[in-house]
Amino acid sequence: MIVGVPRESFPGERRVALVPAAVPSLAKAGLEVVVETGAGTEAGYLDAEYLAKGAKVLPQRADVFGAADIVTQVLCYGSNDRTGKADLSLFRRDQVLVGFLRPLGSVETIQDIAREGITAFSVELMPRTTRAQGMDALSAMATVAGYKAVLIAADALPKLFPMLTTAAGTITPARVLILGVGVAGLQAIATARRLGAVVSAYDLRPAVKEQVQSLGARFVELAIEAKDAQDARGYATAQDESFYRRQRELLGKVIAEQDVVITTAVIPGKKAPTLVTKEMVMGMAPGSVIVDLAAERGGNCELTHVGEKAVEHGVTIIGWVNLASSVPYHASQMYARNLTTFLTLLVKEGKLQLNLQDDIIRETLVTYGGEIVNARVREFSSLPALVPQEEAKK
Numbered sequence: 088m089i090v091g092v093p094r095e096s097f098p099g100e101r102r103v104a105l106v107p108a109a110v111p112s113l114a115k116a117g118l119e120v121v122v123e124t125g126a127g128t129e130a131g132y133l134d135a136e137y138l139a140k141g142a143k144v145l146p147q148r149a150d151v152f153g154a155a156d157i158v159t160q161v162l163c164y165g166s167n168d169r170t171g172k173a174d175l176s177l178f179r180r181d182q183v184l185v186g187f188l189r190p191l192g193s194v195e196t197i198q199d200i201a202r203e204g205i206t207a208f209s210v211e212l213m214p215r216t217t218r219a220q221g222m223d224a225l226s227a228m229a230t231v232a233g234y235k236a237v238l239i240a241a242d243a244l245p246k247l248f249p250m251l252t253t254a255a256g257t258i259t260p261a262r263v264l265i266l267g268v269g270v271a272g273l274q275a276i277a278t279a280r281r282l283g284a285v286v287s288a289y290d291l292r293p294a295v296k297e298q299v300q301s302l303g304a305r306f307v308e309l310a311i312e313a314k315d316a317q318d319a320r321g322y323a324t325a326q327d328e329s330f331y332r333r334q335r336e337l338l339g340k341v342i343a344e345q346d347v348v349i350t351t352a353v354i355p356g357k358k359a360p361t362l363v364t365k366e367m368v369m370g371m372a373p374g375s376v377i378v379d380l381a382a383e384r385g386g387n388c389e390l391t392h393v394g395e396k397a398v399e400h401g402v403t404i405i406g407w408v409n410l411a412s413s414v415p416y417h418a419s420q421m422y423a424r425n426l427t428t429f430l431t432l433l434v435k436e437g438k439l440q441l442n443l444q445d446d447i448i449r450e451t452l453v454t455y456g457g458e459i460v461n462a463r464v465r466e467f468s469s470l471p472a473l474v475p476q477e478e479a480k481k
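In my numbering, the protein residues as written are 88 to 481.
Take a look at the structure:
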């Protein structure tokens, strides 16, 4: 089978779905790779490197779609709401698509993909199991975003992060608070600690306290308890408004003491909870910085401007999105490893293996045979459950 790698078309996207180092691994699994000219250039991977590893480089986007049995992208139509729809006409029925689809976003885009007869797999829906860790693209990209968020904050803060003892006196370390201790939050903690900041973190899931402390940060404990704080996949669950109101009351005092606040709290398929209110921002010292990693989902800060850097009440609030794309070389390398591991599971002896008994394949398969077949996506989109063929025949 042939795997195609078109150039990413989302404005400003610099990553590429597969890097040259992935080509030999896929070849061992019986998969050939074709790449659109310049697909990896912005990530630091030249056409010559793909050719040297055994891939073919094709001049036109349509050539890649025409040759490929499986199309791999970073931002597919669905997550790419700007230019992604133009790719639909290039697909043929039963062609396979693998990438970020944002399946819990707009049901219309997923229905468009289904109508083309595309067999689409969404990497966002990868199960959070030990077996699937090597395929977990969400975690890989969150790692990059958490790291970059701290560097952005350090650049914007008019203070140094570490404590310094100099002839001119002692510089006290910056105080950094991380809100939301998932993969991005943990990486942000580790990075801020490496830069010498005094770091604290808060999450509504008490189970993460030990992880926070193991990285040398202080876990902020509030006198409030969340109900069913996390779901079976390990993600934080949405709480009612009374919980968030009380949470904001208690967090206000903590946030006022910080130089930097990095927010990472997202709920899959829902608007991000508001953790930092206008009043909290007003209570922060002038020059303080907020980096809102939940900006694309509506933001954890009430004053976040999506995709922008703004100053509100003397506080710099950064709501940039797609931070993983700003570190394209290693982000692409990590993503390519995720896809390679997934593709070698999906294709055996040169044939697509749609084994729905395998939870990895079942949970990531979104569209097949003209239908949205993913139970979670159908439930989220208020679509009726699909009737098994055996039942339909009765």
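A virtual CB, placed ideally from N, CA and C, is assigned to each residue, including glycine.
Per the C-alpha coordinates, the member of Ile349, Cys388, Glu344 positioned closest to Tyr331 is Cys388. Going by beta carbons, Pro214 and Ile447 fall inside the 8 Å limit. Under a 10 Å Cβ-count criterion, Glu395 is classified as exposed, with fewer than 16 other Cβ atoms of the shown protein chains found around its own Cβ.
Rounded to the nearest angstrom, the gap between the Cα atoms of Glu211 and Gly204 is 21 Å. Ranking Arg384, Val348, Pro107 by CA distance to the CA of Ala359 puts Arg384 first. In terms of Cα proximity to Val268, the closest of Phe248, Ile405, Met250, Tyr289 is Tyr289. When the five nearest sequence neighbours on each side are left out, the beta carbons in the same chain lying within less than 8 Å of the beta carbon of Arg280 are those of Val286, Leu302, Gly303, Ala304, in order along the chain.
Our two residues, Pro471 and Asp379, have alpha carbons roughly 36 Å apart in a direct line. Around the beta carbon of Thr206, 16 or more other beta carbons sit within 10 angstroms, so the residue counts as buried. Within the same chain, Cβ atoms closer than 6 Å to the Cβ of Leu251 are found at Ile258, the five residues on either side in sequence being excluded. By the 16-neighbour rule on beta-carbons within 10 angstroms, Val151 is buried. Here Gln444 is exposed. Its C-beta has fewer than 16 other C-beta atoms within 10 Å.
By the Cβ rule, the segment 270 to 277 counts as touching the segment 226 to 234, because three or more pairs are nearer than 8 Å.
Distance between Lys246 and Ala397, taken at the CA atoms: about 18 Å.
Scanning Ser193, Thr428, Arg94 for the CA closest to the CA of Ala116 turns up Thr428. Residues of the same chain with a CB within less than 7 Å of the CB of Leu337, apart from the 5 flanking positions on each side, are Leu309, Ala310, Ile311 in chain order.
Under the three-state reduction of DSSP, Ser209 is assigned to strand. Between the C-alpha atoms of Ala154 and Ile89 there is a straight-line separation of about 7 Å. Restricted to the segment 281 to 363, the alpha helix (DSSP H) segments that are unbroken, complete and at least 4 residues in length are 296 to 301, 328 to 343, listed in chain order.
Of all alpha-carbon atoms in Glu123, Arg333, Val92, Phe97, the one lying nearest the alpha-carbon of Asn409 is that of Phe97. Look at Phe97 here: in three-state DSSP terms it is coil, with no helix or strand label. Cβ neighbours of Pro415 within its own chain (closer than 8 Å, five residues either side excluded): Arg101, Arg102, Val103, Glu129, Ala130, Gly131. Apart from sequence neighbours up to five positions away, the residues of its chain that approach Val434 with a beta-carbon distance below 8 Å are Met88, Ala116, Gly117, Leu118, Ile157, Gln440, ordered along the chain. Closest option to Ile239, judged by alpha-carbon separation, among Gly457, Tyr164, Gln317, Ser375: Ser375. DSSP places Ala149 within a helical segment (H, G or I) once states are collapsed to three. Ranked by how close their Cα comes to the Cα of Ala114, the residues Leu133, Lys143, Val194 have Lys143 in first place. Out of Val307, Ala243, Ala254, Val295, the CA that lies nearest to the CA of Leu264 is found in Val307. Under the three-state reduction of DSSP output, Gln420 falls in the helix class.
Taking all protein chains shown into account, Thr230 has 16 or more neighbouring C-beta atoms within 10 Å of its C-beta and is therefore buried. Around the Cβ of Asp346, a 10 Å sphere holds 16 or more other Cβ atoms; the residue is buried. Exclusion of the five residues before and after Val353 leaves Ala359, Ala381, Arg384 as the residues of its chain whose Cβ lies within less than 7 Å of its Cβ. Rounded to whole angstroms, the separation of the alpha carbons of Lys172 and Ala219 is 29 Å.
In this structure Ala423 is buried. Its beta-carbon is surrounded by 16 or more other beta-carbon atoms within 10 angstroms. The alpha-carbon separation between Asp181 and Ser469 amounts to approximately 25 Å. Across the set Thr216, Met228, Pro146, the C-alpha of Met228 shows the shortest separation from the C-alpha of His417.
Take the alpha-carbon of Cys163 and the one of Phe187: they are about 6 Å apart.
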